[in-house]
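**Student:** Residue numbers (our numbering): 271 to 556. Take this structure first; my questions come after.
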């Protein structure tokens with residue numbers, strides 16, 4: 271059995287059943303490794319999933335009713351890498367400071383319907399996370415349990431969307447528990463951790479927005495067209511812990527449904543982009 275494990279935690283809204291979502295995420299990672307000409311290729315790896323959608327949803331989303339399922343990317347060969355453009359850099363800067371202005375106007379718990387309309391994303395899960403201690407504790411416990419299950423292994427923790435908030439908070443909590451495992455590499459995908467409401471909550475609970483001591487490394491991937499990752503750069507929001515800081519990497523998510531509907535926030539697109547594949551390959555062979 272490998273002493274390395276990739277652990278994922280999903281993001282906002284209802285999801286397909288855990289077994290289906292876990293398989294789809296693992297398939298997306300494997301597709302990226304195979305297509306993006308990494309040294310690891312499609313080598314086998316161990317993957318587990320911290321699943322919390324059932325905490326807020328009575329029944330999972332049927333896999334055959336999911337409008338945005340995992341499907342392999344079209345074409346052959348390596349997937350598209352991010353091509354830096356001034357317009358993307360300008361968008362990232364404007365959205366960051368625009369987000370700060372909007373945050374001052376919105377309700378700190380409900381997040382504000384006008385902001386949700388602007389971003390095209392429902393933040394009901396996040397509102398409950400901050401407003402209801404039992405919900406928050408249950409969501410965090412799902413990840414703590416998975417981390418504890420893999421005690422003794424080298425852990426690559428990849429979190430998507432709201433899952434990045436849960437993962438960050440858990441890693442900060444676990445600083446008080448030396449018996450809990452260290453995370454070799456913490457990876458965030460399409461993260462809202464840079465939103466002012468989120469950093470405010472972090473400061474309220476932990477006193478300072480910084481790198482969790484339980485993470486030996488932190489890499490943040492964001493598509494500039496991903497509205498949930500309103501602030502693409504987390505390195506200026508989270509202080510270093512020792513020599514460890516956030517490495518921000520812009521990517522092209524590239525996810526589209528079979529009907530051609532694009533979603534720059536979708537987890538499967540992030541999990542197979544070339545830049546992410548390289549980080550996974552480095553972990554697996556290191």
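Every residue gets a Cβ at the ideal spot worked out from N, C-alpha and C, and that includes glycine.
Going along the chain, which unbroken runs of the alpha helix (DSSP H) with 4 or more residues stay wholly within the segment 423-449?
**Tutor:** 432-443
**Student:** Beta-carbon separation of residue 430 and residue 464 under 7 Å?
**Tutor:** By one-based count along the chain shown, residue 430 stands at place 160. By one-based count along the chain shown, residue 464 stands at place 194. No, the pair does not count as a contact, with Cβ atoms beyond the cut-off.
**Student:** To which residues of the same chain is residue 220 closer than 7 Å at the C-beta, ignoring the five residues directly before and after it?
**Tutor:** With the chain covering only 271 through 556, there is no way to say anything about residue 220.
**Student:** Is DSSP giving residue 490 helix, strand or coil here?
**Tutor:** For the purposes of this step, residue 490 is taken as the residue at position 220 of the chain shown. Strand at residue 490.
**Student:** Can you check whether the CB of residue 453 is closer than 7 Å to the CB of residue 472?
**Tutor:** Here the question's residue 472 lines up with position 202 in the chain shown. Here the question's residue 453 lines up with position 183 in the chain shown. For residue 472 and residue 453, no; Cβs fall outside 7 Å.
**Student:** Using the rule of at least 16 other Cβ atoms within 10 Å of the residue's Cβ for burial, across every protein chain shown, is residue 335 buried or exposed?
**Tutor:** Within the chain shown, numbered from 1, the residue matching residue 335 stands at position 65. That one is exposed.
**Student:** For the alpha helix (DSSP H) that contains residue 553, what are its first and last residues?
**Tutor:** Position 283 of the chain shown, counting from 1, holds the residue named residue 553. 544-555 is the extent of the alpha helix (DSSP H) around residue 553.
**Student:** When DSSP builds the beta bridges, which residues end up paired with residue 504?
**Tutor:** Stepping through the chain shown from its first residue, residue 504 is reached at position 234. According to DSSP, residue 504 bridges with nothing at all.
**Student:** Please determine if the segment 501-516 and the segment 532-540 are in contact, where contact requires at least 3 C-beta pairs separated by less than 8 Å.
**Tutor:** no
**Student:** Where residue 355 and residue 493 are concerned, what is the direct C-alpha to C-alpha distance, given to the nearest angstrom?
**Tutor:** Taking the chain shown and counting its residues from 1, the one referred to as residue 355 is at position 85. Taking the chain shown and counting its residues from 1, the one referred to as residue 493 is at position 223. For residue 355 and residue 493, the distance between alpha carbons rounds to 12 Å.
**Student:** Exposed or buried, residue 327, counting other C-beta atoms within 10 Å across all chains shown (16 or more means buried)?
**Tutor:** The residue given as residue 327 occupies position 57 in the chain shown. Residue 327 comes out exposed.
**Student:** Count the other CB atoms, across all protein chains shown, that sit within 10 Å of the CB of residue 447; report buried if there are 16 or more and exposed otherwise.
**Tutor:** Reading the chain shown from its first residue, position 177 is the one you call residue 447. Looking at its Cβ environment, which holds fewer than 16 other Cβ atoms inside 10 Å, residue 447 is exposed.
**Student:** Expressed to the nearest angstrom, what Euclidean distance is found between the alpha-carbon atoms of residue 377 and residue 394?
**Tutor:** Looking up residue 377 in the chain shown gives position 107. Looking up residue 394 in the chain shown gives position 124. Unreliable positioning characterises residue 377 in this predicted model, as indicated by a pLDDT of 41, which lies under 50. The coordinate reading is nonetheless provided below. If you take the alpha carbons of residue 377 and residue 394, they lie about 13 Å apart.
**Student:** Would you call residue 484 buried or exposed, if buried means 16 or more other Cβ atoms sit within 10 Å of its Cβ?
**Tutor:** As a working mapping, residue 484 is identified with position 214 in the chain shown. It is buried - the Cβ of residue 484 has at least 16 other Cβ atoms within 10 Å.
**Student:** Which residues mark the beginning and the end of the alpha helix (DSSP H) in which residue 259 is found?
**Tutor:** Outside the displayed range of the chain (271 to 556) lies residue 259, so it cannot be described from this structure.
**Student:** Which of helix, strand or coil does DSSP assign to residue 521?
**Tutor:** Position 251 of the chain shown, counted from the start, is the residue given in the question as residue 521. Coil.
**Student:** For residue 524, is the classification buried or exposed, using 16 other Cβ atoms within 10 angstroms of its Cβ as the cut-off for buried?
**Tutor:** Here residue 524 corresponds to residue number 254 of the chain shown, with the count starting at 1. Counting Cβ neighbours within 10 Å, residue 524 comes out buried, since at least 16 surround it.
**Student:** Taking only three categories from DSSP, how would you classify residue 342?
**Tutor:** Position 72 of the chain shown, counted from the first residue, corresponds to residue 342. For residue 342, the secondary structure class from DSSP, reduced to helix, strand or coil, is coil.
**Student:** What does residue 455 pair with, by DSSP beta-bridge criteria?
**Tutor:** If you number the chain shown from 1, residue 455 lands on position 185. Note: residue 455 sits in a beta bridge opposite 426.
**Student:** Within the same chain, show all residues whose beta-carbon is closer than 8 Å to that of residue 479, passing over the 5 residues directly before and after it, in chain order.
**Tutor:** Residue 479 sits at position 209 when you count from the first residue of the chain shown. Non-local beta-carbon contacts of residue 479 in its own chain, meaning distances under 8 Å to residues more than five positions away in sequence, involve 469, 472, 473, 507, 508, 509 in chain order.
**Student:** In this structure, does DSSP put residue 509 in helix, strand or coil?
**Tutor:** Position 239 of the chain shown, counted from the first residue, corresponds to residue 509. DSSP places residue 509 in strand when its eight states are reduced to three.
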